[in-house]
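The sequence shown begins at 9 in our numbering and counts up by one.
For every residue, glycine included, the Cβ atom is placed at its ideal position computed from N, Cα and C.
Notes for the one structure printed next.
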Amino acid sequence: METNLASSLKLEKEIYTFVAGSATVQLKQAFKDPAIIPALCAVMSGSQNPEIRQSAAVMLRLRVKKHWNKISPNDRESLKAVVLQAFSMESEHKVQHSLSQLCAMMVKHETPDRWPALLQLLNQSTKSSNPHDRRVGLLLLNKVIDSNPEPFKPHYCQLLHLFSTVLQDHSNPTALYYCILTLTAITAYTGTEEMKEMRAIIPSLILALKQLIKADENQAIESMEVLIELMEIEVSIIVPHIADIVRFCLEVGSDTTLSDSLRVKALSCVTFLIKLKSSSVLKLKLLNPILQSIFPILTAAPPPGEQDPEDEEDDGGEPNDSDNPKHGAAQMIDTMALHMPPEKLFHQLVPLTQACLSSENPYQKKGGLMCLAVLAEGCADYIRSKMLSSVLQTVCQSLSDTNRVVRSAALFALGQFSEYLQPEVSKYCAELMPLLLGYLTSLNEAKIGHVTKAFYALENFMENLGSDIEPYLPTLMETMLSALRNAEDLKIKELAVSAIGAIANAAKELLVPYFPPVIESLKGFLITTTEEMRSLQNQSLDTLSVLARMIGKEVFSPLAAECIQLGLNLTDTIDDPDLRRCTYGLYSAVSTVSPESLIPHLTAVTTVMQLALKSNEGITAHLDEDKTFVLLDDDDDDDNGNNAGGKPEEDFLEDDSEADIHEVAGFSVENAYIDEKEDACEALGEIALSTGVAFQPFLESSFQQVFEMRDFPHEDVRRAALGALGQFCQAQHKVWTENCSETNHQALMKLLDVVIPCFVETVRMDRERPVVMGVLEAMNAVIKSCKEEAFRNPSHLKEISNVIRDVLKKKIACQDSSTDEADDEEQQAEFDAMLQEFAGEGIPLVTASVPADKFSPYLNDLLPLIMSKAKSSCTVADRSFSLGTIGEILHALVNVSGGRGVAGRLSIRLLPVLVAGVKDSDAEVRNNSVFGLGCLAQAAGPLVVSDYPMMLSVFSNMLGKESDLRVIDNLCAALCRMIMSNVDAVPLEQVVTALATHLPLKEDQEENQTVFNCLTMLYKHNPVLVVKLIKPIVAASSHVVGHKDVDKETQSTVVSLMKELAHKHGAEFQAAAASLPAEQQAKLGAAVASS
């Protein structure tokens, strides 16, 4: 058989390169012969042709991978001996490579302790005095350990000794390469006993990487992954060497003689370190050296005659940051902004940025603007409060620069500011809108890349303007509609469609007059099926979704059913993940305004979304070897599970899937399919919530598919999936409240018992801060909706309280927990503070959901962590959060069982903090403190009556001096809370007169509920006083009636009081009403006259 097989193998090697032929049929037959193993072994070790030896090794690996349990014990032992012998004798590298992979596959089944000869060969070859033998030994070591690292754990210390020696052999770069890859493979499995050894080899590792860069840049790029792995898996190993690693990476990143890919890899290592260990970077005073190294990269001019990718004429504005050191430098500053205290970052950064911006060199200016742009997200509060005016002035000047490179960078910066620095940026509308509108005057003549950047800036700016967009609406819509009708370039039409979505976000119902021509254009785009229209169609669906949410139910509902049909028709005829994703957004938006239009299509809609979550489409496995050999074995499973080991067929399936996973060298997933999964999760969650009981038949299957996504490798999909799980709980709670059956309640309990532990675990363990923020937000929404039902399971209160505590103490995986020094206590990255705010917002929600005495022990632990952020040395954002949270906790205690007693006990600790807060220099902090004092009086009632004189004195002083309208509104509400809680402890004549002079409320319309509940109570308690002040009270009432921001319940309270006054004190009421402007008189008269 050997000779025949050898000729078959030769044929196979030739034929699979060209066309399939008879050799494959022969080989398939041979594969069914039990003698195939010894025959392949003979060929592998005896053939003169290296191609055939390699093919035999690959085929054996395929056999081992799928059918190890079918191979007889004798053949296994023979194979183990032959493969090692063949490896020792082999001189061709590609055959050695295939043989090492065969060994690696066998190690998955035959652990090292059951294959002593393998360990012996590894030991001899890796320590050989012959450089070639060492290289080959390290290749084998790499492949077998990479395939199954854990069984080698007893040998790790010995291996680390070996690596320590190999890493110093700079004359053998291939040995260095395999050594570093093996070190990368074992890093995740090392324990405390290996730490010391690991730390000791870091200096040698850095020197070895330097040598590898000289020998082979591609191998160096792959090897530098060891630094990322060490940081991610066991950062404590590299802590003593952080400065050396940073220096090395910056040298590589700054070396313009090296490839862009290598430079980007080096920069990304520093960026990753900043993300994980920003505190160590600051402590070691590495910030300045890093900035000094990356600014020349950020501001570098491209080679003569070339442009940066984003400045090229045909750039359509699509991000292109792969293999680009300039983007790598900007990404690093972006990461600093997200992970470092802004005070420390700006101290070092401002001089460098100012120098760039004042330069005459356009690329220096561009670098300075890019730097400002990427700071906006992470340092938003700092920029808004300390330097907004000056940075906007810089950007405005740059928008008029003579150089297009500078103008483009300024547009990008303005887009970033508009996205992240709201609402303050919108106040500069009068200065910025004319500049932005200027870019739209010559759409067809302008370069498309530049127009794209102008639209990016314009959209982000307009989106947040609200009703301030009104004066610009005619010009904007005329420009956009003209582009839809007349633009020749499809990209211009796409940009105009996108801009209409941004305009709708701001204008809402003001857009109604323009709605018919917009819809007509969008429908026209959506009925074509040509490929070149795809991007425009996707954008049209996105804009249609925005219009559905913003234009008003009455206007959009008549179109809802047609929109859904449009979406279904498109996905029936076109197979495109981006298009499907956009239809999910449309269905989701329609469900919020016209759920009845979506309900008939729920089967079709949920099926396609669940398939998207299930699908592996777009996931590419990178196989180590050519897949062609699989053809030999694709139907070799005809023995139906009757195998030598008597193993059931299901176990084979498990073995196969695991082997397939390990067989691949890696996976890549197309972004479009990731985005589709993310949007499918978001849409399923919102549709479940909007359609209520109609979604019940689809809830379980949707839940199962979304739950599978909670561990998805891509963070956006995880975040969306976990958010949807929360919405499924809210949806089930809504169904139960509408039909309180035991079945519905059990379904809710089942969901909560799965979802809440899942939330808690994700908050503790997930390394990505945005995911954890999303989960905290979702958990808060579930608690807010489900209230006490979320705590029916007694363990939930403890789990949620403890995880909130751990976030506030910086003890979860996504937080850099090494910053526990006193001097860092009040300085942290804004996003770290934001994460803690999301956790803190859960405390009042829990307070409102469980009896106070039950939550009290946990509240006692949590309050000091919140109060510590109220100190004057903390940031404004921290002080505002602290005092706002205290106020909300007290507000929640008003309505829960046992709340009064708990509030009374807390008053001794909280009163001094709240009183200090009312003297703060920041209006929002004062506002939250006033709210908190009012809620304390309301919650604790008679238990704080002895503090009333002091509180009234504080409020009296404030009313005389305060200029902020919202604070004044809250002072009025706080006085009302004190009156309602303890009417006899308040000098009513004096206090109510002062209150009446500050009505109506100007900013905080929600507090009208408190004010008019109090006035209604006062009228019953002391009608004479109310009638005496009837004029200001009636005037205030006329402002509330019909006000769009005042809820119906409050309006009803106001109307009832007015009717009572009109009925019982007609003359006084008529006199008060007569002094009002005609429009308010009419409005009030109609309300009082209504039945």
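{"Item": "Trp744 (DSSP reduced to helix, strand or coil)", "Value": "helix"}
{"Item": "Assigned secondary structure, Asp832 (DSSP; H/G/I helix, E/B strand, else coil)", "Value": "Caution is warranted here: a pLDDT of 49 is assigned to Asp832, below 50, making its placement in the model unreliable, and the coordinate value is therefore given only provisionally. In this structure, Asp832 counts as helix in the three-state DSSP scheme."}
{"Item": "Beta-carbon proximity check, Glu694 vs Ser599, cutoff 8 angstroms", "Value": "yes"}
{"Item": "For Asn131 and Lys273, the rounded distance between their alpha carbons", "Value": "33 angstroms"}
{"Item": "C-alpha distance - Gly575 paired with Ser888, whole-angstrom precision", "Value": "45 angstroms"}
{"Item": "Cβ pair Val1034, Tyr1027 closer than 8 angstroms", "Value": "yes"}
{"Item": "C-beta atoms of Leu220 and Ala228 nearer than 8 angstroms", "Value": "yes"}
{"Item": "Coil, strand or helix - Trp123 by DSSP", "Value": "coil"}
{"Item": "Under the three-state DSSP convention, the category Arg727 falls into", "Value": "helix"}
{"Item": "Beta-carbon proximity of His838 to Gly423, cut-off 8 angstroms", "Value": "In the sequence as displayed, the identity of residue 838 is Glu instead of His. Against a cut-off of 8 angstroms, the Cβ pair of Gly423 and Glu838 comes out as no contact."}
{"Item": "Beta-carbon contacts of Lys792 that lie in its chain and below 7 angstroms, excluding the five residues immediately before and after", "Value": "Leu853"}
{"Item": "Under 8 angstroms between C-beta atoms of Leu110 and Val72", "Value": "yes"}
{"Item": "His609, DSSP secondary structure in three states", "Value": "helix"}
{"Item": "Distance CB(Leu594)-CB(Leu549) smaller than 8 angstroms", "Value": "yes"}
{"Item": "Of the residues Thr893, Glu517, Arg122, the one placed nearest Phe564, counting alpha carbons only", "Value": "Glu517"}
{"Item": "Cα-Cα separation between Leu448 and Arg415, rounded to whole angstroms", "Value": "14 angstroms"}
{"Item": "Boundaries (first-last residue) of the alpha helix (DSSP H) holding Lys74", "Value": "58-75"}
{"Item": "Between the CA atoms of Ala1095 and Gln1088 - distance to the nearest angstrom", "Value": "11 angstroms"}
{"Item": "Sequence-distant residues of its chain with Cβ nearer than 8 angstroms to Leu1103 (five each side left out)", "Value": "Nothing can be reported for residue 1103, as the shown portion of the chain is limited to 9 through 1099."}
{"Item": "Secondary structure, beta strand (DSSP E): runs of 3+ residues fully inside the segment 399-443", "Value": "none"}
{"Item": "For Leu466 and Ala421, believed in contact at Cβ under 8 angstroms, the rounded distance", "Value": "Going by Cβ atoms, the distance from Ala421 to Leu466 rounds to 14 angstroms, so no, they are not a contact pair."}
{"Item": "Collapsed DSSP secondary structure at Phe720 in the structure displayed", "Value": "coil"}
{"Item": "4-residue-minimum alpha helix (DSSP H) runs that sit fully inside the segment 279-339, ordered along the chain", "Value": "295-306"}
{"Item": "Check whether Gly261 and Ile305 have beta carbons under 8 angstroms apart", "Value": "yes"}
{"Item": "Alpha-carbon to alpha-carbon, Ala878 and Val933", "Value": "9 angstroms"}
{"Item": "Which of helix, strand or coil DSSP assigns to Asp586", "Value": "helix"}
{"Item": "Gly949: first and last residue of the uninterrupted alpha helix (DSSP H) it sits in", "Value": "Run containing Gly949: none; DSSP gives neither H nor E here."}
{"Item": "Whether Met488 touches Ala462 by CB criterion (8 angstroms)", "Value": "no"}
{"Item": "Inter-residue spacing [alpha-carbon to alpha-carbon] between Leu1037 and Gly968", "Value": "20 angstroms"}
{"Item": "Straight-line gap, Arg718 to Glu807 (C-alpha atoms, nearest Å)", "Value": "19 angstroms"}
{"Item": "Backbone secondary structure at Glu1087 - three-state DSSP", "Value": "helix"}
{"Item": "Secondary structure of Asn801, DSSP reduced to three states", "Value": "coil"}
{"Item": "Alpha helix (DSSP H) runs wholly inside the segment 114-173, at least 4 long, in chain order", "Value": "124-134, 139-155"}
{"Item": "Residues near Ala94 in its chain [Cβ-Cβ closer than 7 angstroms; skip 5 each side]", "Value": "Met52, Ser53, Leu107"}
{"Item": "Top-ranked residue by Cα proximity to Pro297, from Glu158, Val762, Glu318, Leu353", "Value": "Leu353"}
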